[in-house]
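Participant: Quick one: structure below, then a few questions.
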Amino acid sequence: EPEVTQTPSHQVTQMGQEVILRCVPISNHLYFYWYRQILGQKVEFLVSFYNNEISEKSEIFDDQFSVERPDGSNFTLKIRSTKLEDSAMYFCASSDITSGGNSYEQYFGPGTRLTVT
Amino acid sequence: AQSVTQLGSHVSVSEGALVLLRCNYSSSVPPYLFWYVQYPNQGLQLLLKYTSAATLVKGINGFEAEFKKSETSFHLTKPSAHMSDAAEYFCAVSGAGGGNKLTFGTGTQLKVEL
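So the protein lines, in turn, are chains G and A.
Residue numbers for the first sequence follow our numbering, so the first one is 155 and each next one is one higher.
Residue numbers for the second sequence follow our numbering, so the first one is 58 and each next one is one higher.
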């Protein structure tokens, strides 16, 4: 069964450093998403991406964050200068598009745990 | 704006007992509703979804949920709990249409006791 994969599973970085979290969405999916879950809190939407551009972003997704689809398979989240409060589990998700132009069933990857020290 | 409220951050049931996890939603547009399960140190797995077809939705692992517009609810049930059901359960809402974000509830930790 196709699945979303994410690397690395755990990333430790120092405050102020740049990190890139990588995701390989399901191959025929067209919508891509990043969510995060701070320890003990709910899952929060960061950004959605379609047709090589951001379709929606949350207020969390400020100028320190960027997303890219550098090739036909990868989808990345970059944090330019990490802060302590960026420590969280980051989930990538992807969804297909129906003949009616809708997409709603999002498939999630296993997550990358980011620890900022 | 859309939101979901999950009543009860922790629910404990005996093995074999009924599982009922509550979710109420708020949405200004016809909602799509989802239940996801998260096992320890794992990602989110879709249990079931409501997308404006049948109001009683059956999912994996014996779970089902009923969409009740009059009550703005989408409660998750399972007739008989199993030890393997112990996990965190998240209710989520999105609008119809392409690429809509999921808005999650705060989650309910289900504990199953012998």
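All residues carry an ideal CB built from backbone N, CA and C; glycine is no exception.
Bear in mind the structure is a predicted one, so any value in this text is a computation, not a measurement.
Provide the residue(s) that pair with residue 81(A) in DSSP beta bridges, ordered along the chain.
Facilitator: When beta bridges are read from the DSSP output, residue 81(A) appears opposite 62(A), 130(A).
Participant: Grouping DSSP H, G and I as helix and E and B as strand, with all else coil, what is residue 169(G)?
Facilitator: coil
Participant: If you run the structure through DSSP and keep just helix, strand and coil, what is residue 117(A)?
Facilitator: helix
Participant: With residue 108(A) as the anchor, note down where its beta strand (DSSP E) starts and where it stops.
Facilitator: Taken as a continuous stretch (DSSP letters only), residue 108(A) belongs to no beta strand (DSSP E), as it is neither H nor E.
Participant: In chain order, what residues of the same chain lie with their CB nearer than 8 Å to the CB of residue 142(A), ignoring the 5 residues before and after it?
Facilitator: 76, 118, 135, 167, 169
Participant: Would you check if the stretch 174-181 of chain G and the stretch 230-241 of chain G touch, i.e. whether three or more CB-CB distances between them fall below 8 Å?
Facilitator: With contact defined as three or more Cβ pairs closer than 8 Å, the stretch 230-241 of chain G and the stretch 174-181 of chain G are in contact.
Participant: Taking a cut of 9 Å between CB atoms, which residues from the stretch 123-148 of chain A lie near chain G?
Facilitator: If the cut-off is 9 Å between Cβ atoms, the stretch 123-148 of chain A has 147 near chain G.
Participant: Classify residue 114(A) as buried or exposed, calling it buried when 16 or more other Cβ atoms lie within 10 Å of its own Cβ.
Facilitator: buried
Participant: Thinking just about the alpha-carbon of each residue, which of 102(A), 126(A), 137(A) is nearest to the one in residue 88(A)?
Facilitator: 126(A)
Participant: Relative to the C-alpha of residue 116(A), which candidate in 72(A), 145(A), 91(A) has its C-alpha closest?
Facilitator: 91(A)
Participant: Give me, in chain order, the residues of the same chain whose beta-carbon lies closer than 6 Å to that of residue 166(G); leave out the 5 immediate sequence neighbours on both sides.
Facilitator: Cβ neighbours of residue 166(G) beyond the five flanking positions: 269.
Participant: Which class does residue 181(G) belong to by DSSP, given the choice of helix, strand or coil?
Facilitator: coil
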